[in-house]
Every structure is written in C-alpha cells, then in structure tokens.
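Structure first, commentary second.
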Ligand code: HEC
Ligand code: HEC
C-alpha cells in the first residue's frame, strides 16, 4: 500500500502522523512498557499477537468488558439460584433450595382450590329444582363452560355442534340415521328441562328398561295402507311445511284417520308421543317427496342412547338445562 492514499480518510491512518512516530518511516521506536518480542500496530496502537499471516498481523484486542460482565453476572446469578431454588438432581431426589419452592405442591393446591370452587356450584345441579337453577344467573354462568364441554363431548356428534341436528337420507328403503334439531322449539317429546333430563337418562328406543319408544310404522311394507293412498299422502305431507296442502282433500282425510293420532291434527306434532311436527321446515329424515315416501313405506325408528350409566345426575341435569336453553336461544 502506498503511503499517499491513506490521507483519503479523515481518521489518522498514516503511521507517520501518529504520536511519537518517526515522521519519515512511521516507526515508533521501542516502548519501554512492551515485553520482549511484543510489537505495536502502528495504525491502531494495539499490541499484535506476533502472528504474521503473509504480512497481515493479528491484533491482540482485549475481550469486550460488557461481555465479561454479563458472564460474571450470569455465573453469580446461577450460583444464587442453585442455593435458593430446586436445582441439582441427586439420584432419586434433588437439591430442594432454601426457599422451599415446589411447583407440584403449588399445582395440587391450585387444583384442589378449583375443585372446591366447582363443587360449590356443581352440587346445585344434583337437585331437580330446574326452575330455581335456571333463574340463578350466577350459577348458570359458572356452569355454562362445563355444559358446553359436556354437550360437545357427548351430544354434538349426533345433534350437531349448535344443536342444529342432521337430516338423514334414508331414501329408497335404506334406514338413514337422522338426528333431530335441539335448538328449535319443536319437540318429539318434552320441552321442560325436568322431562328432557329423563329423555337423556333413559334414551329413545335404547336398551334401557325404561326407554322411550318411538316408532313410525312401516305403512307400505306392512300393507297397512294401499299404495294409491300413499301416493296421495306423499305430496300432501310434502306440502304441509309450505302451507300448500288442501285441508279438505282426500289425502287430508286419510291423514286424519291414519296419522293424526301420533302427528297431531294437520300434522302439527306436539303430542309428546315422539312423532315430529310435519308442518315446520325441520326434517329428521328429509322433506323431499322421495324421503317422505321412504318414511311412510318403511317406517322409521331412531336411536337415542341412554345416558344413565355414562353421565352423573348433575351432568345430565346440566345438559337438560343446556338443551332447553338452546331451544330458547334458537326460537328468538
Ligand atoms: C348416537 C346419536 C345420538 C347421541 C350421541 C345423542 N343423541 Fe339425542 N337423539 C338421537 C336421536 C336419533 C334422537 C331422536 C330419536 C327418534 O328419532 O325418536 C334423539 C333425541 C334426543 C332428544 C329428544 C328431542 C325431542 O325433540 O324431544 C333429546 C332431548 C336429546 N336427544 C338430547 C341428547 C343429549 C343431551 C345428548 C348428549 C348427552 C344426546 N342427545 C346424544 C341421537 C343421539
Ligand atoms: C304410531 C304413531 C305414528 C303414526 C300412526 C304415524 N307416525 Fe309418522 N312418525 C312417528 C314417529 C314416532 C316418527 C319419528 C320416528 C323417529 O324419529 O324415529 C314419525 C316420523 C314421520 C315422518 C318423518 C318426519 C321427519 O322429520 O323426517 C313422516 C314424514 C311421517 N312420520 C309421516 C307419517 C304419516 C304420513 C303417517 C300416516 C300414514 C304417519 N306418519 C303415522 C309416529 C307415527
């Protein structure tokens, strides 16, 4: 490097301009403080390591102080924490630390506290006084997350996450499973929480000895109705929800004689017999003429499991209130 170019920068880089340097050679003579063999880099003023890499000399710069301090502080910190907190494993045990901190005990205590808190409101649900429970806004607010969880874990698979139910497509003779909506105010059975709790307890067409039975007879297959009567009934029933079915037609007469005992006059349901309303837009098995023909021909018999052995009284009561609440929320 020629000495002339170094004047381009503002810092002093020309060794000849450094303090104590020979103005011609740039050498700075022997420093009495240097040990034997040590050499000072004329540009930066640092001692070099003495290693020479093809003319480039490595500077012997000191370790940055901030890093040194960080190291010292972290070592001191870890020694203090070893003494105060649980730290070293010793085979089957460990050094416990002077502060006696133990997260397992903390977690157990917190869990016990939560169970206590929950027991406080959960006990209430063992009672059959549903009206009082439903009116207690504080208890209901505390219980709601648990109700949602119970519903999601046990019921949503069939009745839908929002209680919207799922229409089965048992068309053409196949027994497609259908699940009634629970978020409307049409009921196969009962609308009161105490009765809903009983339906949940014993199920419908289940293996429980007290189960509710619900059977839509197979009018076609079992020869209870002529094919010509079924041909009249199918479009008439399909038109009920749209209000297009003539109440004075021949089909209306067949319906009154054969079907109304279970489905109510004009198919309005609500007889607490397990037979759904046929005048609303909700269908368990489908409202198309094809689906209705399949229902009348083959019959239907849905299966709702019994929950007596699978859920506690409290849990079933919570669910009954939750289901009744879904219907109120959905009806608004
Ligand atoms: C395996 C599917 C299935 C599961 C799981 C299930 N249900 Fe049902 N549930 C049904 C079917 C099917 C019906 C209608 C039975 C019928 O067609 O007569 C029904 C009917 C009901 C009814 C009567 C509805 C009415 O309109 O009267 C209630 C209430 C009910 N279920 C609540 C529940 C609750 C609460 C749970 C969760 C603990 C649950 N169900 C879990 C299939 C199920
Ligand atoms: C003995 C009582 C009973 C009689 C009589 C009866 N049903 Fe039903 N019906 C039911 C029951 C119970 C269900 C619900 C079955 C289930 O969900 O498992 C049902 C379901 C239905 C459905 C399906 C509704 C849906 O939401 O998908 C239709 C359609 C229907 N019935 C039409 C008729 C017609 C038409 C007649 C007359 C020919 C009739 N039912 C006579 C009890 C009856």
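Residue numbers (my numbering): 139 to 470. Each residue gets a CB set at the ideal place from its N, CA and C atoms; glycine is no exception.
Best match in the options for proximity to residue i [C-alpha to C-alpha]
{"i": "residue 421", "options": "303, 195 and 155", "result": "303"}
{"i": "residue 320", "options": "230, 458, 180 and 417", "result": "458"}
{"i": "residue 278", "options": "288, 259 and 197", "result": "259"}
{"i": "residue 265", "options": "467, 223 and 452", "result": "452"}
{"i": "residue 296", "options": "284, 441, 467 and 446", "result": "441"}
{"i": "residue 464", "options": "329, 291, 380 and 448", "result": "329"}
{"i": "residue 285", "options": "256, 270, 203 and 337", "result": "256"}
{"i": "residue 217", "options": "235, 230, 399 and 231", "result": "235"}
{"i": "residue 327", "options": "201, 411 and 210", "result": "411"}
{"i": "residue 389", "options": "227, 397 and 371", "result": "371"}
{"i": "residue 382", "options": "362, 325, 361 and 404", "result": "404"}
{"i": "residue 430", "options": "230, 376, 213 and 386", "result": "376"}
{"i": "residue 201", "options": "215, 394 and 184", "result": "184"}
Any non-hydrogen atom of ligand 2 closer than 7 Å to residue i Cβ
{"i": "residue 359", "result": "no"}
{"i": "residue 426", "result": "no"}
{"i": "residue 435", "result": "no"}
{"i": "residue 375", "result": "yes"}
{"i": "residue 338", "result": "no"}
{"i": "residue 391", "result": "no"}
{"i": "residue 396", "result": "yes"}
{"i": "residue 438", "result": "yes"}
Same chain only: Cβ atoms within 8 Å of residue i, ignoring 5 sequence neighbours per side
{"i": "residue 310", "result": "Its pLDDT being 42, under 50, residue 310 is placed unreliably by the model, and nothing is read from it."}
{"i": "residue 379", "result": "416, 417, 418, 419 and 425"}
{"i": "residue 359", "result": "435, 436 and 437"}
Any non-hydrogen atom of ligand 1 closer than 7 Å to residue i Cβ
{"i": "residue 224", "result": "no"}
{"i": "residue 370", "result": "no"}
{"i": "residue 445", "result": "yes"}
{"i": "residue 352", "result": "yes"}
{"i": "residue 441", "result": "yes"}
{"i": "residue 271", "result": "no"}
{"i": "residue 416", "result": "no"}
{"i": "residue 321", "result": "no"}
{"i": "residue 408", "result": "no"}
{"i": "residue 297", "result": "yes"}
{"i": "residue 331", "result": "no"}
{"i": "residue 317", "result": "yes"}
{"i": "residue 252", "result": "no"}
Collapsed DSSP secondary structure at residue i in the structure displayed
{"i": "residue 251", "result": "helix"}
{"i": "residue 188", "result": "strand"}
{"i": "residue 228", "result": "strand"}
{"i": "residue 195", "result": "strand"}
{"i": "residue 460", "result": "helix"}
{"i": "residue 304", "result": "strand"}
{"i": "residue 393", "result": "helix"}
{"i": "residue 268", "result": "helix"}
{"i": "residue 422", "result": "coil"}
{"i": "residue 438", "result": "strand"}
{"i": "residue 201", "result": "coil"}
{"i": "residue 215", "result": "helix"}
{"i": "residue 317", "result": "strand"}
{"i": "residue 328", "result": "coil"}
{"i": "residue 309", "result": "Model confidence at residue 309 stands at a pLDDT of 46, short of 50, so the residue's coordinates are unreliable; what they give is reported in the following sentence. Coil."}
{"i": "residue 278", "result": "helix"}
Cutoff 6 Å; reference residue i; Cβ partners in own chain excluding five residues on either side
{"i": "residue 315", "result": "306"}
{"i": "residue 353", "result": "439"}
{"i": "residue 225", "result": "233"}
{"i": "residue 369", "result": "none"}
{"i": "residue 162", "result": "none"}
Residue i at chain B interface by Cβ criterion, 8 Å
{"i": "residue 297", "result": "As a matter of chain content, chain B is missing from the structure shown, which is built from one protein chain."}
Own chain partners of residue i with C-beta closer than 7 Å, once the 5 adjacent residues on each side are dropped
{"i": "residue 289", "result": "457 and 460"}
{"i": "residue 261", "result": "none"}
{"i": "residue 186", "result": "177, 179, 195, 196, 197 and 198"}
{"i": "residue 312", "result": "In this predicted model, residue 312 has a pLDDT of only 45, less than 50, meaning its place in the structure is not dependable; the value taken from the coordinates is given anyway. Same-chain partners within the cutoff: there are none."}
Starting from the N-terminal side, write out each stretch of the alpha helix (DSSP H) that is 4 residues or longer and does not extend beyond the stretch 329–401. 331–340, 365–376, 388–396 and 398–401
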